[in-house]
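**Q** Residue numbers (the working numbering): 18 to 69. We treat Cβ as the ideally placed atom computed from N, Cα and C, and that holds for glycine. None of these values were measured; they are calculated from a predicted model. One structure follows; several queries about it will come next.
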């Protein structure tokens with residue numbers, strides 16, 4: 018059953034491909050924040066030296 022719904026979601030995604038400028042900017046900002054958070058996490062772990 019899940020496969021059929023998956024196909025429908027794919028077509029929905031394809032139909033909604035043209036994002037608005039606001040959506041694109043929001044995604045860009047979100048991705049940038051996520052990347053920065055990840056880098057900060059890695060740096061913190063390296064500086065701690067795995068003391069846990």
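Can you tell me whether residue 58 is helix, strand or coil according to DSSP?
**A** Here the question's residue 58 lines up with position 41 in the chain shown. Helix at residue 58.
**Q** Using a Cβ-Cβ cut-off of 8 Å, state whether residue 56 counts as contacting chain B.
**A** The structure shown has no chain B; it contains just one protein chain.
**Q** Between residue 50 and residue 62, what straight-line distance do the alpha-carbon atoms span, to the nearest angstrom?
**A** In the chain shown, the residue the question calls residue 50 occupies position 33. In the chain shown, the residue the question calls residue 62 occupies position 45. Rounded to whole angstroms, residue 50 to residue 62 spans 18 Å at the Cα level.
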